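Read the structure below first, then the notes.
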Amino acid sequence: MNDLRRDVDMLVEQMRINSEQLRASQENQDKGMEDLRNLITTMTRNQGGARHGIGTSEDAMEGGAESQNR
Numbered sequence: 127m128n129d130l131r132r133d134v135d136m137l138v139e140q141m142r143i144n145s146e147q148l149r150a151s152q153e154n155q156d157k158g159m160e161d162l163r164n165l166i167t168t169m170t171r172n173q174g175g176a177r178h179g180i181g182t183s184e185d186a187m188e189g190g191a192e193s194q195n196r
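With my numbering as the guide, the letters of the sequence shown map in order to residues 127 to 196.
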């Protein structure tokens, strides 16, 4: 009977550990998805600005280099 109790206790502890690991993994995945959404939003804004003549910092650097070459 003691062996059975010990086995059950070990299984319960392993389930607790697995549950904590799953929660941490889900939090990391949620954070990664939020970072990806932010990156897509930033890239979309940068592309929209370039299409409307606002330009990006890279465009400004290229323009500066062209004017120096003249």
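Where is the CB? At the ideal position from N, CA and C, for every residue including glycine. Since we're looking at a predicted model, the values are computed, not measured.
Can you tell me which of the three DSSP states R196 falls into?
-> For R196, the predicted model reports a pLDDT of 47, less than 50, meaning its position is unreliable; a value from the coordinates is still stated below. In this structure, R196 counts as coil in the three-state DSSP scheme.
Go ahead and pull the three-state DSSP assignment for M127.
-> coil
Using the Cα positions of D133 and S145, report the straight-line distance between them to the nearest angstrom.
-> 18 Å
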